[in-house]
Each structure stands twice: as structure tokens, then as C-alpha cells.
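Structure first, then comments.
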Amino acid sequence: MPRNYWMLSLSEENFVVTKKLDYSVQGFRVPHHKKIKRMLVGDRLLIYVQELSSFTTSLNITSEYFEDHTKQWTYIHEKEDFSLRVNMEPECMLNQEEFIDAKILAPRMQFIKNWRPEDWHLAFLGDLHLIPKNDFKLIEDEMQRLIDKRSNKSYRNN
1 MPRNYWMLSL
11 SEENFVVTKK
21 LDYSVQGFRV
31 PHHKKIKRML
41 VGDRLLIYVQ
51 ELSSFTTSLN
61 ITSEYFEDHT
71 KQWTYIHEKE
81 DFSLRVNMEP
91 ECMLNQEEFI
101 DAKILAPRMQ
111 FIKNWRPEDW
121 HLAFLGDLHL
131 IPKNDFKLIE
141 DEMQRLIDKR
151 SNKSYRNN
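Counting in this note's numbering, the sequence shown runs from 1 upward without gaps.
Put into C-alpha cells, the structure is as follows:
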């Protein structure tokens, strides 16, 4: 049973990198080392893409953190190599046309309750956030609904 539920806020460029890696590994910036060290096998991770204001993928963490300095992701400081990493596997992967606009679900999230409604997006600033289990479930349930809808549509077309 997962102990922690995380939300990772990625640039669109870094999301593409993670996707090209088949969502098998994710790197994090060193300033988040205390959070990364709390990640355990079985924890859950949700990806939010900043420029799209969208939730795209939910994943299972499959390793404790490790260090790897292979350059994959980019940041404004060239020295940052996202060296703190975890292995993971996807649970729910949405196609781009299915990405969930955060404006739709954010008002229902406990995570943003301390923000004024018009400033909800400020809660998503920063890279890595612990979020309540109910928020994670709200978003992942919607992802699963979209995936089921896609599967049913493809089944009916065959």
C-alpha cells in the first residue's frame, strides 16, 4: 500500500524526455533531496505539465532513490543534472488529447485549499509536492475513466 502520494510539476520539454524514457525513470533536482529520500517503493507519482496546466500520467515508484549524473532533463542552470532518480512504471497514461485540464479538477483538490480560487495555479509552483491521497485518487480516477472510455470506443469500432 502506498505511503506517499507525490505530484511532480514538469516543464513540457522535460515531460517529453520522461515520456521518451517510457516513464521508466525520473530525475529530480538536488534541492529536493530531503523529499526524494522519503520516496519508497510503492509510492505513487502524478505528473503535471506546467505549460499545459494538465495532468498527464500516474506512476508507481519501483525503486528507492539513486544517483545518476547522465544528462537527460534540462534546467535553467546547466550544472543541474537531475541526478537524484527513482525507477518507476506507469499506471495511467493519457494521450495528449485526453490530458486533464487542471482548472477542472483543481477546485475540488484539498491541496489547493489555502489558495484563493483565482490563484489555484500558484499551488503547483515548484517541482515536487506531497499531495493528499484523496486528491491523487480524484485525478487518477478521472484518468482511468478516460482510458476506459478510449478502450470502449476502440472495442466498439472493431
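All C-beta atoms in this analysis are idealised placements derived from N, C-alpha and C, irrespective of residue type, glycine included.
Here the structure is a predicted model, which is why all the values come from computation and not from measurement.
Beta-carbon proximity check, residue i vs residue j, cutoff 7 Å
| i | j | result |
| --- | --- | --- |
| A106 | W115 | no |
| T56 | F111 | no |
| E91 | L59 | yes |
| N95 | T62 | no |
| L128 | K35 | yes |
Buried versus exposed call for residue i [16 or more other C-beta atoms within 10 Å across all chains shown]
| i | result |
| --- | --- |
| I104 | exposed |
| R156 | Note that R156 scores 49 on pLDDT, short of 50, meaning its location in the model is unreliable and no value can be drawn from it. |
| S54 | buried |
| L84 | buried |
| D81 | buried |
| N242 | Nothing can be reported for residue 242, as the shown portion of the chain is limited to 1 through 158. |
| K79 | exposed |
Closest Cα partner of residue i within the set the options
| i | options | result |
| --- | --- | --- |
| F28 | D68, M93, L40, L138 | D68 |
| A102 | K79, R3, L84, I139 | I139 |
| Y5 | I131, K149, L146 | I131 |
| V16 | L52, P31, G42 | L52 |
| R38 | R108, F66, W120, Q144 | F66 |
| Y75 | I36, H33, S11, L21 | S11 |
| V25 | E142, T70, K35, P31 | T70 |
| Y23 | W120, M93, R145, E97 | M93 |
| Q72 | K20, K35, Q50 | K20 |
| H32 | W120, M7, K113 | M7 |
| H77 | L128, V30, M109, R145 | V30 |
| H121 | S151, Q50, Q144, M143 | Q50 |
| E97 | L146, R3, N14, E13 | L146 |
| S9 | R108, E64, E118, G126 | G126 |
Residue interval of the alpha helix (DSSP H) (run including residue i)
| i | result |
| --- | --- |
| V16 | 12-20 |
| H33 | 33-36 |
| I104 | 102-105 |
Span of the beta strand (DSSP E), counted from its first residue to its last, around residue i
| i | result |
| --- | --- |
| T74 | Here T74 belongs to no beta strand (DSSP E), and DSSP marks it neither H nor E. |
| N60 | 54-61 |
| L125 | Run containing L125: none; DSSP gives neither H nor E here. |
Test: residue i CB closer than 7 Å to a CB of chain D
| i | result |
| --- | --- |
| S83 | The question asks about chain D, but that chain is absent: this structure has only one protein chain. |
request  = Examine the Cβ distances between the segment 119-138 and the segment 42-53 and report whether three or more of them are shorter than 8 Å.
outcome  = Result yes; three or more Cβ-Cβ pairs closer than 8 Å.
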